[in-house]
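Undergrad:
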Amino acid sequence: MNKRKKAIVVIAVFAILLPMLEGLFSISSLWKTSASEPTPTALIDTDFLKVSYTVQNDTEKGVTSWLVHYDYDMVKAPNTINDAYEKGKLKIKLINGDIVSAADSNLQLPENQFQAGSVEKGSWIEEKSFATDGKGSFKYTAAIGSEPKLALQFDGENPVVIDSISTVATSAETSEEETVPSATEEFEIVENILVGKLADTYTLKGPAVENSAEKPQNQEKNIDNTKEAGQLRNTRALSATTVGKDLIISQDAIVDKVYVISKSSQEGKDEYKPTIKHKNNNTAAHSGDYNSAELALGDNTYKLFTDGAAGTTIAYNKPKNGTNPYYAAINASNSKDKTTTMQFNDGKTMKNEEITLIYDHVGGYIGADGVTPKKVGAVVHLTNIIIGPSATWNSKDLNPWMEFSHNLFSGVIYGNIHKFDIEFNFFDAEKYPNASDKKIPGDFINFSDDSAATMTFASLNGYDNIALHSNVTATKAHEFAGRIDGGEAGAVGSTLEFKSNGSCAYDKNTYYSKDGTNTFTDYLGGATFATAAVTFPMTGVSHKYKFGSTQGRAWNTFASSSLAQVNQNPPTKTVQPLKQYQKGDSWDNPTGAESGFNQRYYNDLDRYNDGNDPWSLPEKYRVKGHDADKGDLADGVPEKASRFVKTDQEHYYFINQETIDVSSKSLIVPKQYIIEDTLPSGVKLSNDTWKNSIVLYNLDGSTINSPFTNASSYDSATGVLKLTLSETASRKINEQSGKDGYYGKDFSLRLKVKVTNTVDDKINDLMENKAKVTFVYGTTTEQKPVFESNLVHTKVRDKKTTIEFEKIDGQGNPLSGVGFTLYESGEKTSLASATSGNNGKVTFNHPVAPGNYVIKETQTPEGYEPIDDLKVTVDQNLNVTIKDSANNPITDNKVENHLYPFRLELQKIDGFGSALKGATFTLTKDSETYTATSNPEGKITFTEDLKPGTYTLTETNTPAGYTSAGSWTIVISEDKTATLDDKALTVAYDATAQRWMISPNEKTGKIVNQIKPFELSILKVADYTDAKLANATFELFEKTDVAFDNPLAEATTGNDGKAIFKDSNKEVYKLEAGKSYWVKEKDAPDGYILLEHPFELAVGENGEVTVKYNQSNVAVSDIHVNLTSDSANNTIQLTAKNTPEGSLPTTGGQGIKKFMTLSIAVLAIVGGLGAFYVYRNKKGGA
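Quick note: the sequence shown uses UniProt numbering, first residue 1, plus one each step.
1. Taking L1091 as the reference, which of E1081, A1098 and P1085 has the closest Cα?
2. Going by C-alpha to C-alpha distance, which of L398, N434 and T647 sits closest to P319?
3. Please state whether the Cβ-Cβ distance between R607 and H406 is less than 8 Å.
4. Less than 8 Å between the C-beta atoms of H651 and V575, yes or no?
5. Which residues does DSSP list as the beta-bridge partners of D45?
6. I believe G863 touches Y989 by the beta-carbon criterion, under 8 Å. Please report the beta-carbon distance rounded to the nearest angstrom.
7. Please name the residue in T979, E735 and K1020 whose C-alpha comes closest to that of G1005.
8. Determine the burial state of I189: buried for a count of at least 16 other Cβ atoms within 10 Å of its Cβ, exposed for fewer.
9. In this structure, how does DSSP classify T728 when only helix, strand and coil are distinguished?
10. Alpha carbon to alpha carbon, how far is N879 from D869?
11. Tell me I660's beta-bridge partners as DSSP assigns them.
12. What do you reckon, are the CB atoms on F529 and R600 nearer than 8 Å?
13. Would you call the CB atoms of K269 and G347 closer than 8 Å?
14. Taking the alpha carbon of S436 as the reference point, which residue from P866, H361, V566 and L460 has its own alpha carbon closest?
15. Note down, in chain order, each residue of its chain lying with its Cβ closer than 7 Å to the Cβ of K396, except the 5 sequence neighbours on either side.
16. Going by DSSP, name the residue or residues bridged to residue 1183.
17. Just to confirm before moving on: does the CB-CB distance between T1052 and N1065 stay below 8 Å?
18. When you compare the CB positions of V842 and F805, do they come within less than 8 Å of one another, or not?
19. Going by C-alpha distance, which of D104, Q1133, Y327 and G1103 is nearest S1117?
20. Since L723 and F747 are thought to touch, with beta carbons under 8 Å apart, how far apart are those beta carbons, to the nearest angstrom?
21. What does the Cβ neighbour count give for F187, buried or exposed, with the cut at 16 atoms within 10 Å?
22. Span of the beta strand (DSSP E) holding H373?
23. Since N425 and A378 should fall inside the 8 Å C-beta cutoff, what is the C-beta to C-beta distance between them, to a whole number of angstroms?
24. Tell me the residue span of the alpha helix (DSSP H) that contains Q266.
25. What would DSSP say about I867, mapped onto helix, strand or coil?
26. Nearest by alpha-carbon distance to D648: which of P400, K795 and M74 is it?
27. So within the segment 405-477, which uninterrupted beta strand (DSSP E) runs reach at least 3 residues, ignoring any that extend past its ends?
28. Measure from the alpha carbon of L1029 to the alpha carbon of each residue in T835, H381, S713 and N1138, then state which is nearest.
29. Are there 16 or more other CB atoms within 10 angstroms of the CB of F547, so buried, or fewer, so exposed?
30. My output table needs one value for I95: the three-state DSSP class, helix, strand or coil.
31. According to DSSP, is residue 1189 helix, strand or coil?
32. Which of the three DSSP states is assigned to W124 in this structure?
33. Would you say D982 reaches chain B, if we count a Cβ-Cβ gap shorter than 8 Å as a contact?
34. Could you spell out the range, first to last residue, of the alpha helix (DSSP H) harbouring L679?
35. Measure from the alpha carbon of A960 to the alpha carbon of each residue in E1104, A1059 and I1089, then state which is nearest.
36. Is the Cβ-Cβ distance between N384 and N352 less than 8 Å?
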């Protein structure tokens, strides 16, 4: 081959290999390659399972991608989980706000390897099949800033080996065959074999922040991204795929810090850059009001912020040549009020300051379904900030400052600032759980046109003229709020009005006090607090307002509550003993501490609908340990159906009413509250002076004295109680509802009542009660929403009781469908009938008085023995005792039914599956012993009745020629199952025989006996004389070895004419049943003719032996077969006869070979001579 051809070949080979090499060295077909491969983060690193992930950002697309790698090997599972499984299946669940489905376009799974699991089992994405090992990757992509959760499960699978009982000989080959499962396999599947930390849910983190020295290009991108955040509302359209129906800015949503992006901090000269301080939550509040930037930068937080919430301060306090540039700008302002737009110098020109704030949690929002609340965060953008002097009681340094609370609801306090333009954008904080200045959400909530979301600016004070620094007077100083577009509000407090012209250049088209000053109760929950507030409906994505104070200092809050009157939540009603139950208490004598405000939701006496139905009390109010619909009750608390009240005994009713949540629902609170209750017949207020029977608890549990007006009344004859709270009491409730931590909480009314009902009067022993509460707003002609409470029931204990017990099977499990009839002792007329339910419970809905009764079982489930009559005694204290027919009390109030007896039948077969008769077995349990012998069909039938228990089955007599099958364990269970050595037998009920029949099936119950191997020997005798011949050698061949190339064994006769076949290792060779062989004489004794044909020897599956010579059966007398009954092998002795040389053998005899050879030789000579003679004669004649 010339050089040119060689070069062409090399290029062609390289072109073929290049794509292969590229695929070989790529990270994964799922992964987008990058300049540097990401470092894997290990989630699980064990011998049997390894899971890790790598992560990359695509800043151009604004997404993060995680590539999760998994690798498992079930052989190594015991090293990690201390258990062995042959195969496993990986299951994954990704959660990014919602559960990520297998069909999600952002999830790329290995092709044809995973599938969606069922919703009922947790919506896992799982491998399609179990495997001994597995390795692969999947990729998930989400917006930058997301931190999805990854949960892993791993199911294990083991085959259940279904196998006939066999006594195969213990050769290596046979043993291997025995352990191979049958064609039909079953599998045991164990869900989630991961334990401990392996079962944790993992958070997939975003990429680590890269080192600026090592990655200048990437760092520049981060800076650009931050700049983009600072200009977020001006430079790009907002993505809004999330729909919102309502918004709650919560006082409970406190963040660790407010992330700040300041344009002047990024671009301004040093003296223009602000000092930003993130204060620690739960630090002490400042004792007074802030009056300077210096105080705002201290460690203490503002005193009116929500308890526990600190603030983030942004103060512009840096001097240049001893003068702060913002201070100088204020003094240099040409406006009459010395205000100016806040600007900084970037070294080239002056620019307006802009600030972006990121709160990763501010409360909740209601999604598109209008029901489900979700966590919400906010991005707040401040622009067009107007600075100027503040009141003279503040510091005169004129440095602008602001402090935003870590609780958005608590708002902002500011100084030397007169106005902000503010824009709110809210995002799903579950979708973006770690939003920050580096991880700004890319999708915002779009509040629909029918949304109930609002933004409220409250406490908009109006003042008289106020002297400001810089010789400025703020005429009729005021706080204001409005929409940037000048649009009108949804609702306005009565002390405010819309001012289109404003009092100065920056408060136009806003709302503020009508006449300068305004008077209102300036605290949340105050009766007239709403009169100085303005509410704006929120629709769409971007919500833009302006607010401020013409005196240059104020505190403003951001509330989602509105100025619209809203309906209250319905009240709740509970019933409670005077003292709390504790361990050892009886139902009628609780001995614990008094039941008060903290026990108002215990409801320990409510037996709703006579104890038969779930409580009417809503779930959210129920207290753990006191929820009667759940079994885990606190010590001493009676079950619902065992709750009673006694005549002349006292107890409490509680009427609980939640207040209006002024932080998130409405600033409008009721003027008064009216509570009405009609006590049921049989109950009255305890004290003669009825008001002394009532206690009113405020939201904090304190009591309010003299809470009712004179119009309140109680009619003991009808039980009608109507209570009108005084304005003073109502104001105390409203004031408490406006305090941090008490928004929307409940006040409670406790009524002490006495039971007058008796079991002998005509009043219903089950007493029902509910209450109603009216919220009064303004005058009596205004709307008064009225809502009723849930129902509660109490009951006077009767002089009769109900008989009930539980029906169970032999294993203690509930037994349904068992019918019973109740009789008085000695009577034939039934009182009631009952049938056990799914829980086994039997209840006769016919209360009975003290006396003796009989219960008859009238309907018994198929396969169970009916029980004898039960005897019932009810004593004078209504204690019920149930005894069986032997007069033994039942245990734990449970009555047991046992199954009818069992009968056992197995199958006896040989190693070839044929029926085997004559095998005898014993079945033993304790002192019981039963015997059965297999019949010609192989059936082993035990005719005795068997009870559930553990039995030993032993083969005691084995048919001759077969190995013994041994012994087994048979377990019969009360659950209608039976096993033989832990393998399931078939169990079926025979209604005619009224017996459970245990029988074999294809998988188990067939007892196998293998026929023993055969030892073959030769007896060599002389024909005619039967003399024993020595030195005759025979070889044994497989029937298929027609060329006689591979002898299996060889035998050479001794002086007694006998020899046994042995293999090349001189071991006695064992012939197998069901196979055929050749026996060929190799050497004949001296003086005897070698046998011309081999013997054809066949051993049948049942041990029958046949021998042919030259296709004719050998005489039966020449074949001796012995099927042994001991441990020895079966034997075959074949008699072979040889004819002496020179003798005329018998036709068809074994020793004619030499004679025939000689005869042929003689005939050949004679024939040759004859032919020569004829030839000569012809030639001579010619």
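Glycine residues also receive a C-beta, built at the ideal position from the N, C-alpha and C atoms.
TA: This is what the structure gives:
1. E1081
2. L398
3. no
4. yes
5. K50
6. 4 Å
7. T979
8. exposed
9. helix
10. 20 Å
11. I660 is not bridged to any residue.
12. no
13. yes
14. H361
15. H469
16. With the chain represented from 1 up to 1182, any question about residue 1183 goes unanswered, as that position is not in the structure.
17. no
18. yes
19. Q1133
20. No, L723 and F747 are not in contact; Cβ-Cβ is about 12 Å, not under 8 Å.
21. exposed
22. Looking at the sequence shown, residue 373 is not His but Pro. P373 to I387 is the extent of the beta strand (DSSP E) around P373.
23. 7 Å
24. K263 to E267
25. coil
26. K795
27. 412-415, 417-428, 445-447, 454-457, 466-468 and 472-474
28. N1138
29. buried
30. strand
31. The question about residue 1189 has no answer here: the residues shown for the chain are numbered 1 through 1182.
32. coil
33. Here chain B cannot be found, since the structure has a single protein chain.
34. From DSSP, L679 is part of no alpha helix (DSSP H); its letter is neither H nor E.
35. E1104
36. yes
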